[in-house]
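Working notes, beginning with the structure itself.
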Amino acid sequence: MSGVKLQQDLGHLKQLALAQGAPSLQQRKHYLQQLLNLLLENQQDIIAAIASDFGQRCAEETRVLELFPAIAGIRYAQKHLKSWLKPQRRATSIWFAGASNRVVAKPLGVVGVIVPWNYPLYLAFGPLTDALAAGNRVMLKMSELSPALSQLLIRLMPLYLAEEVVRVYADEDGQLGAPFSALAFDHLLFTGSTATGRKVMLAAATQLTPLTLELGGKSPVIISDDFPIELAAERIMMGKLFNAGQTCVAPDYVLLPSSRRQAFVDACIRYCQKHYQSMADEAFSSIISEKFLARLNSLNEQALELGAEEFKLIAGDCAGKFAPRLLLNVPSEAEVMQQEIFGPLLPIMEYQQLDEAVAYVQQHSHPLALYIFSYQRAIQQQLIQQISAGGVCINDVLLHVAQHELPFGGVGSSGMGHYHGYDGFVQFSKMLPIFSQSRFSALKLLRPPYNKLSKRLIKIMLRG
11 MSGVKLQQDL GHLKQLALAQ GAPSLQQRKH YLQQLLNLLL ENQQDIIAAI
61 ASDFGQRCAE ETRVLELFPA IAGIRYAQKH LKSWLKPQRR ATSIWFAGAS
111 NRVVAKPLGV VGVIVPWNYP LYLAFGPLTD ALAAGNRVML KMSELSPALS
161 QLLIRLMPLY LAEEVVRVYA DEDGQLGAPF SALAFDHLLF TGSTATGRKV
211 MLAAATQLTP LTLELGGKSP VIISDDFPIE LAAERIMMGK LFNAGQTCVA
261 PDYVLLPSSR RQAFVDACIR YCQKHYQSMA DEAFSSIISE KFLARLNSLN
311 EQALELGAEE FKLIAGDCAG KFAPRLLLNV PSEAEVMQQE IFGPLLPIME
361 YQQLDEAVAY VQQHSHPLAL YIFSYQRAIQ QQLIQQISAG GVCINDVLLH
411 VAQHELPFGG VGSSGMGHYH GYDGFVQFSK MLPIFSQSRF SALKLLRPPY
461 NKLSKRLIKI MLRG
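Using our numbering, the letters of the sequence shown map in sequence onto residues 11 to 474.
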């Protein structure tokens with residue numbers, strides 16, 4: 011796939027968008043229904059393709075973490091699309107009495123979506139749903155690490171939606187990202203690492219392309235003294251071990267009171283012994299590639315060399331997998347404390363006073379997610395007020411991403427812009443402000459030459 015072909019495809023879709031205008035409500039509902047049909051009618055093939063790309067990804071994880079949220083997101087958009095499309099009336103100042111204000115959602119045109127490998131179905135269909143609901147045409151670039159799913163979607167998509175609406179591109183050699191990012195889209199959404207996000211932003215800047223960047227970072231978990239440690243461990247480990255930790259909002263490290271460290275370690279071990287037989291357990295996903303596996307081993311080995319203590323949570327070894335483990339007494343200069351981990355390594359840090367935990371998080375880049383485990387409202391509010399994050403989940407992990415009524419996005423180095431549900435519809439729309447003047451306007455009193463009446467009126471206006 012050449013950059014020239016991408017340019018031609020984009021030009022063709024833009025011409026169609028201009029010639030045909032915004033699709034009707036019924037057309038958009040048809041597009042969404044076809045997306046839904048694709049997922050419902052091809053579940054087994056999708057599950058098999060993703061498992062093939064990973065080496066091992068159990069069917070239940072793909073159903074729960076990818077198919078379910080993708081299907082639920084489409085159904086949510088179908089249910090609410092009519093109300094989203096209604097013009098929004100806005101108030102008019104008394105000084106413009108008789109006139110009216112409204113906001114109308116218009117499609118942007120052609121939206122580009124760069125899809126990552128870790129949740130390749132959901133992170134393709136989530137933004138695709140929002141973009142189609144907003145009336146756009148879409149170009150999807152899949153990851154080079156998802157070849158089986160890429161080819162499946164290239165084959166399936168035209169059976170459900172014409173190429174004039176959605177086009178899917180495989181990135182066979184990993185070289186398609188740069189030319190794709192440099193296209194003059196009406197909006198571009200990228201999900202991936204912060205380092206790659208910077209490159210995408212630079213490429214998009216040449217075209218002044220508006221961006222949504224969904225990045226990552228080190229999402230902290232802060233456990234308070236009051237929260238049951240067994241329950242905290244269960245919920246944290248469940249979220250950490252989904253997809254073998256290869257999740258942008260996975261808990262990256264835990265901050266807890268020093269007195270609770272050993273109880274937490276023991277609870278994590280019990281959780282893993284209960285839910286996994288060994289590393290060969292099909293419920294535990296493979297690491298996506300040898301390169302990523304080597305990186306995790308390097309992070310772990312460097313931390314141990316610097317004095318960290320390791321607790322392996324699942325027995326045995328298995329090709330292509332990385333055994334989950336806790337790391338204690340990790341020096342702050344260790345790479346595992348500097349980089350987003352993106353795997354089943356979980357550093358445990360201790361604090362004496364809650365302010366110490368807050369200070370540590372504040373000294374680092376804004377995370378994509380903040381996880382607070384406390385039943386005390388005062389502690390919840392303190393942490394929310396003092397720590398900036400893309401999203402907050404209280405007394406659990408990951409689940410804020412599955413809420414269609416909540417926007418999803420980062421802040422600072424963890425991203426910019428939001429999508430999901432109505433917020434996704436708005437992100438991929440031009441929310442067009444329209445002012446309508448009445449037949450008679452009192453503003454004619456403000457035209458020159460200014461007389462006593464007009465000057466008096468201006469003085470009243472300035473008094474408010």
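Quick reminder that beta carbons are idealized off the backbone N, C-alpha and C, glycines included.
Sheet register partners of residue i (DSSP bridge)
i	result
Cys403	Tyr381
Glu360	Leu266
Ala242	BP columns for Ala242 are empty, so no partner.
Leu355	Arg335
Leu75	In the DSSP output, where bridge partners are listed per residue, Leu75 has none listed.
Gln98	Val113
Gly431	DSSP, once it has assigned bridges, lists no residue as partnering Gly431.
Arg147	Val120
Met426	Leu223
CB-CB length for residue i against residue j, believed under 8 Å
i	j	result
Gly122	Leu193	6 Å
Cys282	Pro334	7 Å
Val113	Pro97	7 Å
Met426	Thr222	7 Å
Gly471	Trp105	Here residue 471 is Met; the residue named in the question, Gly, does not match the sequence. So it is a contact: roughly 6 Å between Cβ atoms.
Leu316	Leu336	The Cβ separation is near 16 Å, so there is no contact.
Gly227	Ser375	6 Å
Arg38	Leu142	6 Å
Pro230	Leu265	6 Å
Gly420	Gly400	4 Å
Ile481	Leu309	One cannot answer for residue 481 here, as it falls past the ends of the chain, which runs 11 to 474.
Ala87	Leu35	Between Leu35 and Ala87 the Cβ distance is about 12 Å, and since that is not below 8 Å, they are no contact.
Ala115	Leu95	6 Å
Ala290	Cys68	So it is not a contact: roughly 12 Å between Cβ atoms.
Gly65	His414	About 32 Å separates the two Cβ atoms, so there is no contact after all.
Phe190	Leu23	That pair is no contact at about 14 Å.
Simplified DSSP assignment, three categories, for residue i
i	result
Ala214	helix
Glu319	strand
Met289	coil
Thr201	strand
Lys331	coil
Val175	coil
Ala180	coil
Met152	coil
Tyr281	helix
Phe195	coil
Gly31	coil
Arg38	helix
Phe237	coil
Val259	coil
Arg67	coil
Glu300	helix
Asn307	helix
Ile324	coil
Gly108	coil
Gly420	coil
Asn128	coil
Ser93	helix
Ala80	helix
Residue i - containing alpha helix (DSSP H), residue span
i	result
Met471	Lys462 to Arg473
Pro168	Pro157 to Tyr170
Leu221	It is not in any alpha helix (DSSP H) - Leu221 instead sits in the beta strand (DSSP E) that spans Leu221 to Glu224.
Phe445	That residue, Phe445, is in no alpha helix (DSSP H); its beta strand (DSSP E) goes Ser439 to Ser446.
Gly122	Segment Val120 to Ile124 is the beta strand (DSSP E) holding Gly122; no alpha helix (DSSP H) there.
Pro137	Tyr132 to Ala143
Pro189	Gly187 to Ser191
Ile57	Gln53 to Phe64
Gln413	No alpha helix (DSSP H) holds Gln413; DSSP gives it neither H nor E.
Ala388	Arg387 to Gln396
Span of the beta strand (DSSP E), counted from its first residue to its last, around residue i
i	result
Lys454	Unbroken run through Lys454: none, as it is neither H nor E.
Ile232	Pro230 to Ile233
Any non-hydrogen atom of the ligand ZN within 8 Å of residue i CB
i	result
Glu343	As presented, the structure is devoid of all ligands, the ligand ZN included, so that no description of it is given.
### Message
Check whether the region 231–244 and the region 193–209 are in contact - that is, three or more C-beta pairs closer than 8 Å.
### Response
no
### Query
Would the region 175–182 and the region 403–414 be scored as touching if the rule is three or more Cβ pairs under 8 Å?
no
### Query
Does the pairing of the region 296–308 with the region 324–333 give three or more beta-carbon distances under 8 Å?
yes
### Query
Is the region 448–463 touching the region 156–166, taking contact as three or more C-beta pairs under 8 Å?
no
### the region 356–364 / the region 337–345 touching (three or more Cβ pairs under 8 Å)
yes
### Message
Does the region 422–436 come into contact with the region 275–295, if we say contact requires no fewer than three beta-carbon pairs (one atom in each stretch) closer than 8 Å?
### Response
no
### Task
Would you check if the region 134–149 and the region 21–38 touch, i.e. whether three or more CB-CB distances between them fall below 8 Å?
yes
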